[in-house]
Amino acid sequence: MSRSGALTLSLFDSVHALPPRLWDQLATQRPFTSVAWLAFVADIMDDWSPRFLLWQRNGEPMAAAICYRQRRFHLSAHGALRMGQGVLRPLLRLLAPMTCGVPVFGSHSALLLSPQLDAWGFDTVVRDIEGLAWRSGAQWLGFDSLDSAMMAQLAPRYLRYFTHDEATLDLSPYTTYADYEQGLPKKKRSEIRRLRNRARDAGVTVAIGPIDRGLAPTVRRLISETAARHGNEFLYTNDFLTRATTHLPESSQRMLVVSKGGDAIGTVSLFKCGEHGLVKWIGLDYAQTEGSYAYHYLMTETVTAALALGITRLNLGGQAWALKKHMGADAVPRYAALRWRNAPVQRLVASFLIRPKRRGEAT
11 MSRSGALTLS
21 LFDSVHALPP
31 RLWDQLATQR
41 PFTSVAWLAF
51 VADIMDDWSP
61 RFLLWQRNGE
71 PMAAAICYRQ
81 RRFHLSAHGA
91 LRMGQGVLRP
101 LLRLLAPMTC
111 GVPVFGSHSA
121 LLLSPQLDAW
131 GFDTVVRDIE
141 GLAWRSGAQW
151 LGFDSLDSAM
161 MAQLAPRYLR
171 YFTHDEATLD
181 LSPYTTYADY
191 EQGLPKKKRS
201 EIRRLRNRAR
211 DAGVTVAIGP
221 IDRGLAPTVR
231 RLISETAARH
241 GNEFLYTNDF
251 LTRATTHLPE
261 SSQRMLVVSK
271 GGDAIGTVSL
281 FKCGEHGLVK
291 WIGLDYAQTE
301 GSYAYHYLMT
311 ETVTAALALG
321 ITRLNLGGQA
331 WALKKHMGAD
341 AVPRYAALRW
351 RNAPVQRLVA
361 SFLIRPKRRG
371 EAT
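Here you go:
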């Protein structure tokens, strides 16, 4: 343990060493960050060795963070970086920056903060994380997938980098897919119906059920194809589906499989934490799905699956915005906060880093 003023910091090298009661008090503020969810993520991710940080004051949890040296990347979410992936990926793997946040599942999970944490405490937390990063040999530190409020707290010491908009659906007014579809504006409702009908006319069907480890080879192939299509790396262990069924009850997950002519040509999985839902593990056989509207049918059926699980807020991810706008999704901005160990390098990067902005965002 190390002491930072009134805050006491504890470091843990394993999720199994975390005190669940203390950690989960903070995790209630952010879905998919409880000890149980972190154990699931740690078990399925390949080459992920996080450090878990927990700050307490008088025995009460005040802040927590998950930080790791990052060597594998999903660069497709960063639109401005796509063109240079061939050079950037090996360079980033070599430099291995320190990243704070939960990979894949951790929307706005970089920091878990108690409402009682004041500005002095927040500054202590950030400086403790910086100390950990620099001692580990990292040359820069990133806080991943931040919302606007958290990004504002880290400014001006950190560079702001807009990564993408997340598509989020408010499903709270609905109990069935028919209710949801009827609640869409007429133009969007007509377009969604047209897309679904085109898929059915092409012989496409969608099956919804629990994650099926028997489909592991097919699902892995489909997810790998989609990752390769977007220049991303496959981030999971070979037996990630089997491990997922070990950790997650059926009440918190579903797998959707789209088929044509009896063959599985696409898949996506849905995860639930409380009333929040997250769409992940998208995989497509592009030779079979292009022109068939299979993807459109698959994604709209995530609403059916989400409502059946009692999900009221569904995160659809940050790609394929045309479809998600038709589905009625709102755009929620996500940022990364970056800081370099060397101050002159920080200033240099601030001058040259491409920091794309959202449409309508002030400069």
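Numbering-wise (our numbering), the sequence shown opens with residue 11 and increments by one.
All residues carry an ideal CB built from backbone N, CA and C; glycine is no exception.
All figures in this text were calculated on a predicted structure; none of them were measured in a lab.
query: Under a three-way DSSP split, which group does L123 fall into?
result: strand
message: I'd like the ranges of any alpha helix (DSSP H) spanning at least 4 consecutive residues and lying wholly in the stretch 28 to 78.
response: 30 to 37, 45 to 54
task: Can you give me the Cβ contacts of V342 inside the same chain, cut-off strictly under 6 Å, excluding the 5 residues immediately before and after it?
output: E176, T178
message: Taking DSSP's pairing of strands, which residues face Y171 in a bridge?
response: A346
query: How would you write the range of the beta strand (DSSP E) that I221 sits in, first residue to last?
result: Here I221 belongs to no beta strand (DSSP E), and DSSP marks it neither H nor E.
query: Helix, strand or coil: how does DSSP classify T322 here?
result: coil
message: Rounded to whole angstroms, what is the Cα-Cα separation between W33 and V313?
response: 31 Å
message: Could you tell me the alpha carbon to alpha carbon distance between G213 and N325, rounded to whole angstroms?
response: 28 Å
- prompt: How close, in whole Å, do the beta carbons of V267 and L280 come, if the pair is a contact with beta carbons under 8 Å?
  reply: Incorrect: roughly 12 Å between the Cβ atoms, too far for contact.
- prompt: Going by beta carbon distance, what residues of the same chain come within less than 7 Å of Q356, once the five residues before and after it are set aside?
  reply: R349, W350
- request: Report the residue from L122, R137, A143, V136 whose alpha carbon sits nearest the alpha carbon of A106.
  value: A143
- request: Pull up the DSSP beta-bridge partners for V278, would you.
  value: L266
query: What separation, rounded to the nearest whole angstrom, lies between the Cα atoms of S182 and V359?
result: 43 Å
- request: Assign A162 to buried or exposed, taking buried as 16 or more other Cβ atoms, counted over all protein chains shown, within 10 Å of its Cβ.
  value: exposed
- request: Name the residue from L17, P113, P71, L19 whose alpha carbon lies nearest to the alpha carbon of D57.
  value: P113
task: Sort out for me which residues DSSP pairs M108 with in a bridge.
output: R79, L151
field: Q66, buried or exposed, once every other Cβ within 10 Å from all chains shown has been counted against 16
entry: buried
message: Does V216 come out as helix, strand or coil in the three-state DSSP assignment?
response: strand
message: For L156 and Y171, what's the separation of their Cα atoms in angstroms?
response: 10 Å
message: In the DSSP assignment, the beta strand (DSSP E) including V18 goes from what residue to what residue?
response: Going by the sequence as given, residue 18 is Thr instead of Val. Unbroken beta strand (DSSP E) run through T18: 17 to 22.
task: Please list, in chain order, all residues of the same chain as S44 whose beta carbon is under 7 Å from its beta carbon, the five residues on each side excluded.
output: D34, A37
- request: Look up D180 in the DSSP assignment and give the residues it is bridged to.
  value: R323
query: For L232 versus L294, is the C-beta spacing smaller than 8 Å?
result: yes
- request: Could you check if E70 is buried or exposed, using at least 16 other CB atoms within 10 Å of its CB as the buried criterion?
  value: exposed
field: beta strand (DSSP E) segment containing H240, residue limits
entry: First-last for H240: undefined, no H or E at that position.
field: Length of the line joining the Cα atoms of S298 and M309
entry: In the sequence as displayed, the identity of residue 298 is Gln instead of Ser. Rounded to whole angstroms, Q298 to M309 spans 16 Å at the Cα level.
- request: Could you check if G147 is buried or exposed, using at least 16 other CB atoms within 10 Å of its CB as the buried criterion?
  value: exposed
field: Beta carbon proximity, A188 to chain D, threshold 8 Å
entry: As a matter of chain content, chain D is missing from the structure shown, which is built from one protein chain.
query: Straight-line CA distance for A49 to H26?
result: 7 Å
field: Residues of its chain near L121, where Cβ-Cβ distance is below 8 Å and the 5 sequence neighbours each way are ignored
entry: A73, A74, A75, C110, V135, F153, M160
query: Roughly how many angstroms separate the alpha carbons of Y187 and I139, rounded to a whole number?
result: 44 Å
query: Whose C-alpha, out of E285, E300, L28, D222, is nearest the C-alpha of F42?
result: E285
field: Whole-angstrom distance between D189 and G320, CA atom to CA atom
entry: 14 Å
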